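J.:
Protein chains: 2
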Amino acid sequence: MKVITKKIPFSNPLTLQSGQTLSSFELMTETYGELNSERTNAVLVCHAFSGNHHAAGIKDGDKKPGWWDEIIGDGKTIDTTKFFVVSLNNIGGCHGSSGPTTISSESGQPYGASFPEVSVRDWVETQKILADHFEINCWEMVAGGSLGGMQALQWAISYPERIKKAAIIAASSKISTQNIALNEVAREIIKKDENFHNGDYLAQDKSPSKGLKAARMLGHITYLSESNMSKRFGRKLQDPENKMDADINYEVENYLQYKGEQFAKTFDANSYILMTKAMDSFDPARDFDNDLVKCLQSTQAKLLISSFDSDWLFPKEYGLDIQMSAIKAGIDSTYIELDGDYGHDSFLFYSDQYASALKNFLNSNG
Amino acid sequence: MKVITKKIPFSNPLTLQSGQTLSSFELMTETYGELNSERTNAVLVCHAFSGNHHAAGIKDGDKKPGWWDEIIGDGKTIDTTKFFVVSLNNIGGCHGSSGPTTISSESGQPYGASFPEVSVRDWVETQKILADHFEINCWEMVAGGSLGGMQALQWAISYPERIKKAAIIAASSKISTQNIALNEVAREIIKKDENFHNGDYLAQDKSPSKGLKAARMLGHITYLSESNMSKRFGRKLQDPENKMDADINYEVENYLQYKGEQFAKTFDANSYILMTKAMDSFDPARDFDNDLVKCLQSTQAKLLISSFDSDWLFPKEYGLDIQMSAIKAGIDSTYIELDGDYGHDSFLFYSDQYASALKNFLNSNG
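Protein chains in written order, with my numbering: chain A, 52 to 417; chain B, 52 to 417.
1) Can you tell me where the alpha helix (DSSP H) with V344(B) in it begins and where it stops?
2) Under the three-state reduction of DSSP, which class applies to P335(A): helix, strand or coil?
3) Identify, in the order they occur along the chain, each residue of the same chain with its Cβ nearer than 6 Å to the Cβ of Y369(A), setting aside the five sequence neighbours on each side.
4) What span of residues does the beta strand (DSSP E) with V137(B) cover, start to end?
5) For L269(B), which residues in chain A fall below 7 Å Cβ to Cβ?
6) Please report the distance separating the alpha-carbon of P64(A) from that of L73(A).
7) Report yes if the CB atom of M201(B) is closer than 8 Å to the CB atom of K216(B), and no otherwise.
8) State whether the stretch 183-190 of chain B contacts the stretch 148-165 of chain B, with contact taken as three or more CB pairs (one from each stretch) at a distance under 8 Å.
9) So what's K310(B) in DSSP terms, helix, strand or just coil?
10) Starting from the C-beta of S230(B), find all residues in its chain whose C-beta is less than 7 Å away, skip the five residues before and the five after it, and write them out in chain order.
11) Based on Cα-Cα distance, which residue from V96(A), V54(A) and K345(A) lies nearest to D111(A)?
12) Under a Cβ-count criterion, where at least 16 other Cβ atoms within 10 Å of its own Cβ denotes burial, should P151(A) be classed as buried or exposed?
13) Would you mind working out which of K114(A), T350(A) and I109(A) sits nearest D120(A), comparing C-alpha positions?
14) Taking 8 Å as the threshold (beta carbon to beta carbon), is T131(A) in contact with chain B?
15) Take the Cβ of L139(A) as the centre, count every other Cβ of all protein chains shown within 10 Å, and call the residue buried at 16 or more, exposed below.
16) Do I214(B) and A221(B) count as a contact pair if the criterion is CB distance below 8 Å?
17) Go ahead and pull the three-state DSSP assignment for P167(A).
18) Give the list of continuous alpha helix (DSSP H) stretches no shorter than 4 residues that lie fully inside the stretch 271-328 of chain A.
19) Residues of chain A with CB under 8 Å from E312(B), in chain order?
20) Please name the residue in P211(B), T82(B) and S158(B) whose C-alpha comes closest to that of V136(B).
21) With distances taken between CB atoms, is the gap from H184(B) to G147(B) smaller than 8 Å?
22) Evaluate contact between the stretch 262-277 of chain A and the stretch 296-306 of chain B, counting only Cβ atoms and requiring at least three cross-stretch pairs below 8 Å.
23) Between Q308(B), G195(B) and L325(B), which has its C-alpha nearest K261(B)'s C-alpha?
24) Can you confirm whether E168(B), when its beta carbon is compared against all beta carbons of chain A, has any partner nearer than 8 Å?
25) If I follow the unbroken alpha helix (DSSP H) through L95(A), where does it start and stop?
26) Please report whether the beta-carbon of T80(B) lies at a distance below 8 Å from any beta-carbon of chain A.
27) Does the beta carbon of K257(B) sit closer than 8 Å to a beta carbon anywhere in chain A?
28) Please check if any C-beta of chain B sits within less than 8 Å of the C-beta of T228(A).
29) Is the shortest distance between the beta-carbon of A320(B) and the beta-carbons of chain A less than 8 Å?
30) Helix, strand or coil for S209(B)? Go by DSSP, reduced to three states.
31) Using C-beta distances below 6 Å, list every residue in its chain close to F314(B), excluding the 5 sequence neighbours before and after it, in chain order.
32) Output yes if chain B places a C-beta closer than 8 Å to the C-beta of R172(A); else output no.
33) In terms of residues, what are the limits of the beta strand (DSSP E) holding I378(A)?
34) May I ask which residues mark the beginning and end of the beta strand (DSSP E) holding L67(A)?
35) Please compile the residues from chain A whose C-beta is within a distance smaller than 7 Å of the C-beta of F284(B).
36) Can you tell me which of the three DSSP states E85(B) falls into?
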């Protein structure tokens, strides 16, 4: 599999949905496979909340492969011997694209909390600029899970003529009140960390890592299913030799402590806040009298909508709602509820059923 | 309704389940109605996680009545013209009974984090000592919701001959891995507050109120149902005039901020940690080869087990599990799944169905 990792600068100003402008921006990208001469075999994969451009393969020095490595690769579900797969870190992120950790050309300091608000629509705009850069006129498929699935849906709405298929996985056309509430708790935890300094921690050489850790611990619970946690950890007590903290009793506590701590080392707190805000505000039907059917009316892409049975963060009702609206809008669409052992996170992992559904969709006539 | 609020000192040492000893302790109590001359009309109500002794009526200066005021009172479900209702703040709490905010006679300082670990069994022990104090030989009923329901269940197990009926509402015989995980996140948030000082914040005249607030915000989400939050707040934007914080967008965020802040003013962080630990460790079947049937074998009380359809923290499977074990153990028991608009918190509120179930149970022959 040919892999190219590249940071690509764009010098034209970008006006965001909020009205704010980035005078220029950079996208950290990774591509897998090769673009054919007709430029018709391109697939865009969009990352979820804490993902990045590194979707497949193992990089030097890393222990873990890319976030969708079980799906993308030579001979895999998204077969890189056939397709040219484009992945990128979204703006506002913290893995190389312009975001809060980027040095602002105006102040000479990291943007920090002053990095403008971004939205799912903004991400699709930057991805469209990236498609232009690659001279890809039409994606064979745009695919993603969770917040990535929202981008796939937004693509179908924003650029009907530039996308043949959208795979909207474990996603929704807007998140629930409960999800907004959970995101608000995570933001509260981060912002009240003594080292947050109103978001300007980098300029002060500090890191709100305790807040980021606890926020991720909470997130992690919502990404897994109750039954998965129960099967995996039950009420097993933690081996005292390997406690992350003296007060820990149960294995599940230790696991969350570990996961939270690892995450806090690699993620940026302002990005966490920006990404959750983008998730909260995603609601494409809002501009169409809150009518998703109207909103989907000009869509031309074929849609695959799938949910996982064990996902309580984005349960199947969300997927079914998109499917029903697509049917009413007369769009070619299919819905599938998949077995998934990992709750919301199931979209990251291979299963025969999941791979078949995605593969058939990608290889079907557009 | 006759109401007596009284702090009662007990001078005998109390050995706790952990093996630690309290040389003496106090219980803050409140009683409603009058004990009959045969001393046979007593009902014990046990509070949930953040409750206290004040279960019914409105106290001078308070805006809100006691936590179960919709259920307890003259002519109400638990009718105080017929029954003598005893309520107390559990030890480890922060509303008058011995707990982390109590001054230790040994150090002359508040106990703080050095207050010993308490368990549901310990609470039942102190409640038994309180029954002795009132010369109540046998409770007509012990009732409670959530953590209070666990105490009712423990009473039926610990003192079969001293309880006629146990109403175990929105509770379980042990909490799930997911619930332990959520409790651990709450503890993590509190303990990493810059003002926590390893639990000795009182001695330093500090309060980890930011951590306590965020922990409560999280708790609050789990107490409500998704559908309730959705109906009540949906995706409504917050009126800018009344924002708790400039970054708030949605009403639900503002509501949680407000609720969290109010709670942090009245609750103690060490109590929060102690109470969640008591909830995590409750598992009476553990001493009976993890067999709840065996554990219930010597129980003589009649059991009412009820769950609420909208409760996702303690879903009906928990209630059904107790019921099935009770049936196998040959115990007189009844299970009811109730409609509840408020998720887990439904146990606090009156509904015709709920009140009928509880009233019929209380007035049935024991």
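Even for Gly, the Cβ is constructed at its ideal location relative to N, Cα and C. Being a predicted model, the structure only gives us computed values, none of them experimental.
T.: Reading from the atomic positions:
1) L343 to L347 is the extent of the alpha helix (DSSP H) around V344(B).
2) For P335(A), the secondary structure class from DSSP, reduced to helix, strand or coil, is helix.
3) S223
4) F135 to L139
5) V236 and L269
6) 6 Å
7) no
8) no
9) helix
10) Note that residue 230(B) is Asn in the sequence shown, not Ser. Once the five neighbours on either side are set aside, the close Cβ partners of N230(B) are L364.
11) Checking every option, the nearest Cα to that of D111(A) belongs to V54(A).
12) Counting every other CB atom within 10 Å of its CB across the protein chains shown gives P151(A) a total of 16 or more, marking it as buried.
13) I109(A)
14) no
15) When all chains shown are included, L139(A) counts as buried.
16) no
17) coil
18) 277-283 and 302-317
19) The premise fails here: E312(B) is roughly 11 Å from chain A at the closest Cβ pair, so nothing lies under 8 Å.
20) T82(B)
21) no
22) no
23) Q308(B)
24) Closer than 8 Å: no.
25) Run containing L95(A): none in the alpha helix (DSSP H); it sits in the beta strand (DSSP E), A93 to C97.
26) It does not; no Cβ of chain A falls within 8 Å.
27) Under the Cβ criterion of 8 Å, K257(B) is not counted among the residues facing chain A.
28) It does: the Cβ of T228(A) has a partner Cβ on chain B nearer than 8 Å.
29) Using a CB distance cut-off of 8 Å, A320(B) does not count as an interface residue toward chain A.
30) Three-state DSSP puts S209(B) in a helix.
31) The residues are R267.
32) no
33) No beta strand (DSSP E) holds I378(A); the alpha helix (DSSP H) holding it covers K367 to K379.
34) Per DSSP, L67(A) belongs to no beta strand (DSSP E) and is neither H nor E.
35) T228
36) coil
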